[in-house]
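Visitor:
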Amino acid sequence: MELLIMINACKIASASRVTAVIPCFPYARQDKKDKE
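Numbered per this note's numbering, the sequence shown spans residues 1 to 36.
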């Protein structure tokens, strides 16, 4: 949600292009327990 707010703020400030770099964290999900 914060990313959308920042993109909207950049567009309001008349930015011609906005590039978002979003890293992928496959182990960040906590809904599944890892097998150890």
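Glycine is no exception: its CB is placed at the ideal position from the N, C-alpha and C atoms.
Give me the Cα-Cα distance between A13 and A20, rounded to the nearest whole angstrom.
Guide: 16 Å
Visitor: What three-state label does DSSP hand A13 in the structure shown?
Guide: Here A13 sits in coil by DSSP.
Visitor: Can you look up I22 in the DSSP assignment and give me helix, strand or coil?
Guide: coil
Visitor: Short check: CB of V114 to CB of C24, under 8 Å?
Guide: Beyond the ends of the chain as shown, which are 1 and 36, falls residue 114; an answer cannot be given.
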